[in-house]
Amino acid sequence: MGLLKKLSIGLFILSAAALLAACGDSNDNETESSGTGTDTVSISGSTSVGPLAEKLAEKYKEKQSNTNIEINQIGSSAGITNAISGVSQIGMSSRDLKEEEASELTETVIAYDGIVVVTHPSNKVKDLTMEEVKQIFTGEITNWNQLGGEDMEIVVVSREDGSGSRDAFQEIVGYSSGELIRNSIIASGNGNIKTTVATNKHAVGFISFEYIDDSIATLKINGVEATAENVLNQQYSLSRPFLFVHKDGNFTEAGQEFIDYILSPDGQKIVSEAGAIPVK
Amino acid sequence: MPSPSNENQIVDMKKSNKLKYFFESASEKLFLICAMLSVISLLLIIGFVFYKGSHPFVAEGYSFIDFIFGMEWVPSEDKFGILPMIVASIFSTIGALVIGVPIGLFTAIFLAEIAPKRVAKIISPAVQLLAGIPSVLYGVFGLAIIVPMLQNNFGLAKGQSLLAVIIVLAIMMLPTIVTVAETAIRAVPKTYREGSLALGASPIGTIFKVVVPAAKSGIMAAIVLGLGRAIGETMAVILVAGNSLILPTSLTDSVRPLTTNIALEMGYAFGTHQEMLFATGIVLFSFILILNFVLAKISSKGGK
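Those sequence lines, one after another, are chains A and B. Per UniProt numbering, the very first residue in the first sequence carries number 1; after that it's consecutive. Per UniProt numbering, the very first residue in the second sequence carries number 1; after that it's consecutive.
In C-alpha cells form, the structure reads like this:
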C-alpha cells in the first residue's frame, strides 16, 4: 500500500473518531439526578466542602435509608452555577456568594473553616499583619529580615489555580491570581503544602485548620491566634464559611431535611469530627 | 462404489472439517478484534483530546499562537499561555539526556562488551528492575533525597528546581537507554570485533571506533525512546519541579513542564480552563508524535 493511501485512510479514521468523540461528549460536567423521585438530593460544588458533605451524607443515609444523596465535587463556582440553573438541588461553596449570585439563592452556613499561614518551625517570624501577608504573596516582601526575621529569601508556597482554598485565601487577603509572585512553588493539596513548608526553612504557605500539626509553625494574623474560637467570635479574619446554597423553587423536602440534619447537634458533631468548625 | 460405512466416514470428515474451518475463521476474527481494540483506543484518545483541546480555538475565538507563545498562565483571569511550560519541558528533557545518555551508553557498553558474565548477571536485572519502579516512587525519592540535598549543598532557597527534575528524569531514562543500546551492541557481528582486534586495535578502540558506530541506529533509537520517557513523565516530576510559572533561566529555577500542568490543574478545572489543559495535551502529544516519527526514520535506516 502506498504511503499516501495509508495516510489518507488514517486521516479518515481519525476524523471519524473525532466525530464519535464529539457525539459522545454530552454534558459530562453536569450532575444528573437519577430520577428516583423526590428522594434524590443532588449536591455539587466545592472540593473543600465535598469531603465533609460526603461524611454527613454517609451518616444521614444510616438514619434515612430512603433518601439518596448524590455528591459531585466540581468546585465552588461550578456548584453555584448548577444550583442557579437547577442542575443540582444544592450547591456547595467554600467562598461567600457574589452579589448577583446571592440575589438568586438562599444560603445556609453549615460550618466554618479557618485558613492558617504556616512556616517552618525554626522561623522567628510568628506574627504578621494582613497587609504583610499580601505583600509576601505578591512578591513585594522577598526576605524574612524585612519582617524581623533572619536574612534569608522567602519561598512562597501556594495551591494551584482553581483550588477553593486558594480562591478563598486570595479573596480574604486581597490579591488576584495574576498578582501571585511568579516563582512561588505550586503544590496540589493541603498535605503537599504542609510537607513542602515543613522541609524548607525559607518557606511560607497556607493550609486548612484541620491539617495543623507540630511539623509546621502557625502564624498569628494581626496578633490573633488561629483557633476555632477566634474564628467563631470573628476575631480571626482568615476564615471562610462552608455554604449550602439552593434556589427556593427547586428545593424539596428531602433537601430541607438533610440540611436540618446537618444543623442538628448530631450533624454538627460530625462537622467537628471532620476537622471543620461547627456553626454552634 | 464405497460401502455405506465408508460414506458415513466421509460425511463425518466433512462435518468435522466444517467445524474446523468455522473455529479457524472465528478465532481469526477474535484475534482481529483484539488487535483492533488497541488501534481503536488510540484513535478514540487522539480524537477526544483533539476535539476537547481544539474547541477553545475553533469555537471560542482564542488564538493558538497566543496560546503557544503566551507567557502568562492565569486561568482564573482567562490568560492561557504555555511558553514557559514548553521551554521547561524541553530544557528538562535535554538536561536529562546530557546526564542520562553517557551513563546509559557506558553501562550498555560495559554490560555487552567488557563485564564478565557473573557481573553482568547482577547488573542487568538491577537495571531492568529500575524500569519497573513506579514513577511516583521516583518522585518521592526525589522529594525526600534530591530536593533537600540540593537545598543544603548549594545553599538554595528551594530545592524544587529544574536541576532536580533533570536528575530524576536522568535516572528514570537509564533502563530504557541501557536495555535498548545493549541489545543493539550485542547484535553487532563478532567478525567486526575480530577483524579490528586482528588489525592490532585495542579493545577500547575497537568498541568506540567499530562496535558503537556499527550499532549507531540502535543506540539512536535507545536515546529517542529515553527522550519519550522523559518528556511524558508526570508523577515523578510534579513532586520535584516546584511548578512555578516562570520561564526558566537557570538550573535552580523551579519549573512547570507540560505534563505537570495538566495533572496539577485537571482536578479543579472546568469549562475553558479544562479545554486549555486538553490543548496542553495536544502540544505534548505533538512532541511525542514527532519523536515517534524520528524513531521510525532511524529504525528504517537501520534496516538497510
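Ideal Cβ positions, reconstructed from N, Cα and C, are used throughout, including at glycine.
- Query: With a Cβ-Cβ cutoff of 8 Å, do Ser76 (chain A) and Ser65 (chain A) count as a contact?
  - Reply: Looking up residue 76 (chain A) in the first sequence gives position 76. Looking up residue 65 (chain A) in the first sequence gives position 65. The Cβ atoms of Ser76 (chain A) and Ser65 (chain A) lie no closer than 8 Å to each other.
- Task: Using the Cα positions of Gly37 (chain A) and Asn68 (chain A), report the straight-line distance between them to the nearest angstrom.
- Result: Looking up residue 37 (chain A) in the first sequence gives position 37. Looking up residue 68 (chain A) in the first sequence gives position 68. Confidence at Gly37 (chain A) is low in this model, with a pLDDT of 49, below 50, so its placement is unreliable and the value that follows should be read with caution. Between the alpha carbons of Gly37 (chain A) and Asn68 (chain A) lies a gap of roughly 10 Å.
- What are the start and end residues of the beta strand (DSSP E) that includes Phe209 (chain A)? If you number the first sequence from 1, residue 209 (chain A) lands on position 209. Premise fails: Phe209 (chain A) is in no beta strand (DSSP E) and is neither H nor E.
- Task: Determine the chain A residues that contact Asp78 (chain B) at a beta-carbon separation under 9 Å, and present them in chain order.
- Result: Start at 1 with the first residue of the second sequence, and residue 78 (chain B) comes out as number 78. None at all; the shortest Cβ gap to chain A is about 10 Å.
- Test: Phe270 (chain B) CB closer than 8 Å to a CB of chain A: Numbered from its first residue, the second sequence carries residue 270 (chain B) at position 270. With 8 Å as the cut-off, Phe270 (chain B) counts as an interface residue toward chain A.
- Query: What are the residues that DSSP puts in a beta bridge with Asn72 (chain A)?
  - Reply: Walking along the first sequence from the start, residue 72 (chain A) turns up at place 72. BP columns for Asn72 (chain A) point to A:Ser44.
- Item | Rounded separation between Ile223 (chain B) and Thr138 (chain A) - CA only | Taking the first residue of the second sequence as position 1, residue 223 (chain B) is located at position 223. Taking the first residue of the first sequence as position 1, residue 138 (chain A) is located at position 138. About 42 Å.
- Can the beta-carbon of Gly242 (chain B) be found less than 8 Å from the beta-carbon of Lys158 (chain B)? In the second sequence, the residue the question calls residue 242 (chain B) occupies position 242. In the second sequence, the residue the question calls residue 158 (chain B) occupies position 158. The answer is yes: Cβ separation under 8 Å.
- Which of helix, strand or coil DSSP assigns to His246 (chain A): Counted from its first residue, the first sequence places residue 246 (chain A) at position 246. Three-state DSSP puts His246 (chain A) in a strand.
- Taking only beta carbons into account, state which residues of the segment 55–81 of chain A come closer than 7 Å to chain B, listed in chain order. Ile74, Gly75 and Ala78
- Task: Indicate whether Ile277 (chain A) and Ala228 (chain A) have their beta-carbon atoms separated by less than 8 Å.
- Result: Position 277 of the first sequence, counted from the start, is the residue given in the question as residue 277 (chain A). Position 228 of the first sequence, counted from the start, is the residue given in the question as residue 228 (chain A). With contacts defined by Cβ atoms closer than 8 Å, Ile277 (chain A) and Ala228 (chain A) form a contacting pair.
- Item | Bridge partners - Gly242 (chain B), DSSP secondary structure assignment | Here residue 242 (chain B) is taken as the residue at index 242 of the second sequence, counted from 1. According to DSSP, which records beta bridges pairwise, Gly242 (chain B) is partnered with B:Val255.
- Would you mind stating whether Leu258 (chain B) and Ile86 (chain B) have Cβ atoms separated by less than 8 Å? Taking the second sequence and counting its residues from 1, the one referred to as residue 258 (chain B) is at position 258. Taking the second sequence and counting its residues from 1, the one referred to as residue 86 (chain B) is at position 86. Result yes, Cβ atoms of Leu258 (chain B) and Ile86 (chain B) sit closer than 8 Å.
- Message: Once DSSP output is grouped into helix, strand and coil, what is the label at Lys280 (chain A)?
- Response: Translated into positions along the first sequence, residue 280 (chain A) becomes position 280. Coil at Lys280 (chain A), not helix or strand.
- Task: Would you mind working out which of A:Phe251, A:Ser237, A:Glu62 and A:Ile110 sits nearest Gly86 (chain A), comparing C-alpha positions?
- Result: As a first step, residue 86 (chain A) must be located in the first sequence, where it is residue number 86. When only C-alpha atoms are compared, the closest one is A:Phe251.
- Query: Mind checking if Gly162 (chain A) is an interface residue toward chain B, Cβ cutoff 8 Å exclusive?
  - Reply: The residue given as residue 162 (chain A) occupies position 162 in the first sequence. So, interface residue.
- Query: When the Cα of Thr179 (chain B) is compared with those of B:Met220, B:Met71 and B:Gly61, which residue comes out closest?
  - Reply: Along the second sequence, read from residue 1 onward, the residue named residue 179 (chain B) stands at position 179. Checked all of B:Met220, B:Met71 and B:Gly61; the closest Cα to Thr179 (chain B) is B:Met220.
- Message: Given this structure, state the Cα-to-Cα distance separating Pro75 (chain B) from Asp161 (chain A), to the nearest angstrom.
- Response: What you label residue 75 (chain B) is simply residue 75 of the second sequence in a count that begins at 1. What you label residue 161 (chain A) is simply residue 161 of the first sequence in a count that begins at 1. Using only the alpha carbons, I get a separation of about 7 Å.
- Query: Roughly how many angstroms separate the alpha carbons of residue 308 (chain B) and Pro56 (chain B), rounded to a whole number?
  - Reply: As displayed, chain B neither begins before 1 nor continues past 304, which places residue 308 (chain B) out of reach and without an answer.
- What separation, rounded to the nearest whole angstrom, lies between the Cα atoms of Lys29 (chain B) and Ser202 (chain B)? By one-based count along the second sequence, residue 29 (chain B) stands at place 29. By one-based count along the second sequence, residue 202 (chain B) stands at place 202. Cα to Cα, Lys29 (chain B) sits roughly 56 Å from Ser202 (chain B).
- Could you check the C-alpha separation between Gly35 (chain A) and Ala170 (chain B) for me, to the nearest Å? Here residue 35 (chain A) is taken as the residue at index 35 of the first sequence, counted from 1. Here residue 170 (chain B) is taken as the residue at index 170 of the second sequence, counted from 1. Only weak support exists for where Gly35 (chain A) lies, its pLDDT of 43 falling under 50; the value from the coordinates is given anyway. If you take the alpha carbons of Gly35 (chain A) and Ala170 (chain B), they lie about 53 Å apart.
- Message: With a threshold of 8 Å between beta carbons, is His120 (chain A) in contact with chain B?
- Response: Counting from 1 along the first sequence, the entry for residue 120 (chain A) is found at position 120. With 8 Å as the cut-off, His120 (chain A) does not count as an interface residue toward chain B.
- Message: Would Ser244 (chain B) pass as an interface residue toward chain A - the criterion being a Cβ-Cβ separation below 8 Å?
- Response: Indexing the second sequence from 1 puts residue 244 (chain B) at position 244. Closer than 8 Å to some Cβ of chain A, the Cβ of Ser244 (chain B) qualifies, so yes.
- Looking at C-alpha atoms only, which residue of A:Val41, A:Ile80, A:Arg240 and A:Lys126 is the closest neighbour of Ile71 (chain A)? Along the first sequence, one-based indexing puts residue 71 (chain A) at 71. Nearest of A:Val41, A:Ile80, A:Arg240 and A:Lys126 to Ile71 (chain A), Cα basis: A:Val41.
- Query: When we look at the beta-carbon of Asn29 (chain A) and count the other beta-carbons within 10 Å, is it buried (16 or more) or exposed?
  - Reply: Mapped onto the first sequence, residue 29 (chain A) falls at position 29. Any reading at Asn29 (chain A) must be qualified, since the residue scores a pLDDT of 38, below 50, and its modelled position is unreliable; the value itself is stated next. The C-beta of Asn29 (chain A) has fewer than 16 other C-beta atoms within 10 Å across all chains shown, which makes the residue exposed.
- Proximity to Arg256 (chain B) [Cα-Cα], best of A:Tyr261, A:Ser188 and A:Ala57: Position 256 of the second sequence, counting from 1, holds the residue named residue 256 (chain B). Ranking A:Tyr261, A:Ser188 and A:Ala57 by CA distance to the CA of Arg256 (chain B) puts A:Ser188 first.
- Message: At a CB distance below 9 Å, what residues from the segment 181–201 of chain B approach chain A? Give them in sequence order.
- Response: none
- Cβ contact (3+ pairs, closer than 8 Å) linking the segment 273–291 of chain B and the segment 45–60 of chain B: yes
- Close Cβ partners of Ser257 (chain A) (< 8 Å) along its chain, the five nearest in sequence each way excluded: Mapped onto the first sequence, residue 257 (chain A) falls at position 257. A quick correction: the sequence has Glu, not Ser, at residue 257 (chain A). If we look at Glu257 (chain A) and ignore the five residues flanking it on each side, its Cβ neighbours are Gln64 and Thr67.
- Task: Please state whether DSSP places Glu77 (chain B) in a helix, a strand or coil.
- Result: Locating residue 77 (chain B) in the second sequence gives position 77, where the first residue counts as 1. Helix at Glu77 (chain B).
- Message: So that I know if they touch, is there some Cβ in chain B lying closer than 8 Å to that of Arg182 (chain A)?
- Response: Residue mapping note: residue 182 (chain A) aligns to position 182 of the first sequence, counting from 1. Closer than 8 Å to some Cβ of chain B, the Cβ of Arg182 (chain A) qualifies, so yes.
- Are there 16 or more other CB atoms within 10 angstroms of the CB of Pro213 (chain B), so buried, or fewer, so exposed? Reading the second sequence from its first residue, position 213 is the one you call residue 213 (chain B). Exposed, by the Cβ-count rule.
- Message: Rounded to whole angstroms, what is the Cα-Cα separation between Leu105 (chain B) and Ala181 (chain B)?
- Response: One-based indexing of the second sequence puts residue 105 (chain B) at position 105. One-based indexing of the second sequence puts residue 181 (chain B) at position 181. The straight-line gap from Cα to Cα measures roughly 7 Å.
- Message: In this structure, how does DSSP classify Ser300 (chain B) when only helix, strand and coil are distinguished?
- Response: Here residue 300 (chain B) refers to the residue found at position 300 when the second sequence is read from its first residue. In the structure shown, Ser300 (chain B) falls within a helical segment according to DSSP collapsed to helix, strand and coil.
- Message: Can you find the residues in the same chain that come closer than 6 Å, C-beta to C-beta, to Met71 (chain B), ignoring five residues on each side of it along the sequence?
- Response: For the purposes of this step, residue 71 (chain B) is identified with residue 71 of the second sequence, where counting begins at 1. Around Met71 (chain B): Gly81 and Leu83.
- Starting from the Cα of Gly139 (chain B), find the closest Cα among B:Val211, B:Val58 and B:Leu239 and give me that residue. As a first step, residue 139 (chain B) is located in the second sequence; it is residue number 139 there, counting from the start. The shortest C-alpha separation from Gly139 (chain B) is found at B:Leu239.
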